[in-house]
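Peer 1: Just add 7 to the spot in the sequence shown (first one is 1) and you have my numbering. The beta-carbon is built from N, C-alpha and C at its ideal position, and this holds for glycine as well. Provided herewith is a single structure, encoded as structure tokens, for subsequent inquiry.
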Amino acid sequence: MEIQQGYSYHIKDEFFDLVQDKYLMSNKEQGNYRPHYYAIQDRKNPKLYWMIPISSQAEKYKEIVEKKKKRYGKCNTIVIGLFAGKENAFLIQNTFPVIEKYFDHVHTIQEQPVTIHKKLDKVLVENLNEVLAMYNRGIKLTFTDIKAIRNIMEEELGK
8 MEIQQGYSYH IKDEFFDLVQ DKYLMSNKEQ GNYRPHYYAI QDRKNPKLYW
58 MIPISSQAEK YKEIVEKKKK RYGKCNTIVI GLFAGKENAF LIQNTFPVIE
108 KYFDHVHTIQ EQPVTIHKKL DKVLVENLNE VLAMYNRGIK LTFTDIKAIR
158 NIMEEELGK
């Protein structure tokens, strides 16, 4: 499967079984692929993709964004944006790395892949890079253990 930026994807259960991170938003109800994730290719390792969960609970996350903006002056861990014509929350705070073998399929509506506007893509890439840069400086803004997951994925690539 060719992974392209601008689309969201579903991840195989096998990935969640392997990684065992309690903060990952894994597939719900066997066979029902939720949530789906926006894929951003890693800048250093093109075989690695950062997955950002997409939540339809935009109102819930808008409140969290406002609280973070009041407290810190900004919020780069949650982005509210349009997806399939509706407001959604893109949860950079729950991002994780994955490799191609764990992608199941592209997210579709009426058998058509759903794309994300380039302007929103730019905001997501900038915020993700900022959050990852802060993580590399010892400031952890993510719930997931991205270092452990990255190590597992890089180990898988080495096999």
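Are at least three pairs of beta-carbons, each pair with one atom in the stretch 142-152 and one in the stretch 46-56, less than 8 Å apart?
Peer 2: With the cut-off at 8 Å, the stretch 142-152 and the stretch 46-56 do not touch.
Peer 1: Can you tell me the Cβ-Cβ gap for residue 164 and residue 116, rounded? I've got them flagged as a contact below 8 Å.
Peer 2: About 32 Å separates the two Cβ atoms, so there is no contact after all.
Peer 1: Whole angstroms are fine: how far does the CA of residue 159 sit from the CA of residue 95?
Peer 2: Each residue's Cα considered, the two are about 30 Å apart.
Peer 1: On the DSSP letters alone, give me the boundaries of the alpha helix (DSSP H) that residue 30 sits inside.
Peer 2: Unbroken run through residue 30: none, as it is neither H nor E.
Peer 1: Do three or more CB pairs link the stretch 112-126 to the stretch 64-77 at distances below 8 Å?
Peer 2: No, the stretch 112-126 is not in contact with the stretch 64-77.
Peer 1: Please report the straight-line C-alpha distance between residue 68 and residue 8, rounded to a whole angstrom.
Peer 2: Going from the Cα of residue 68 to the Cα of residue 8 covers about 32 Å.
Peer 1: Can the beta-carbon of residue 65 be found closer than 8 Å to that of residue 14?
Peer 2: Contact flag unset, no.
Peer 1: Which residue wins for smallest C-alpha separation from residue 97, given the options 17, 83 and 28?
Peer 2: Looking at the Cα atoms, 83 is the closest of the given residues.
Peer 1: I'd like the list of long-range same chain contacts for residue 128, defined as Cβ closer than 7 Å, with 5 residues on each side in sequence excluded.
Peer 2: Closer than 7 Å at Cβ, skipping near neighbours: 12 and 13.
Peer 1: Report the residue from 85, 30, 42 and 31 whose alpha carbon sits nearest the alpha carbon of residue 111.
Peer 2: Comparing Cα-Cα distances from residue 111 to each of 85, 30, 42 and 31, the minimum goes to 42.
Peer 1: Suppose only complete runs of 4+ residues qualify. What are the alpha helix (DSSP H) ranges in the stretch 40-79, listed by chain order?
Peer 2: Runs found: 65-79.
Peer 1: Starting from the Cα of residue 27, find the closest Cα among 103, 88 and 62 and give me that residue.
Peer 2: Ranking 103, 88 and 62 by Cα distance to residue 27 puts 103 first.
Peer 1: For residue 87, which option in 56, 109, 131 and 44 has the closest C-alpha, if you only look at C-alpha atoms?
Peer 2: Comparing Cα-Cα distances from residue 87 to each of 56, 109, 131 and 44, the minimum goes to 131.
Peer 1: My guess is that residue 99 and residue 136 are in contact by the Cβ rule of under 8 Å, so how many angstroms apart are they, rounded?
Peer 2: 10 Å between Cβ atoms; not a contact.
Peer 1: Could you check if residue 56 is buried or exposed, using at least 16 other CB atoms within 10 Å of its CB as the buried criterion?
Peer 2: Classification of residue 56: buried, given that the 10 Å Cβ count is 16 or more.
Peer 1: Quick one: grab the DSSP three-state call for residue 145.
Peer 2: The answer is coil: DSSP assigns residue 145 none of H, G, I, E or B.
Peer 1: Mind checking which residues open and close the alpha helix (DSSP H) that includes residue 165?
Peer 2: From DSSP, the alpha helix (DSSP H) with residue 165 extends over 153-165.
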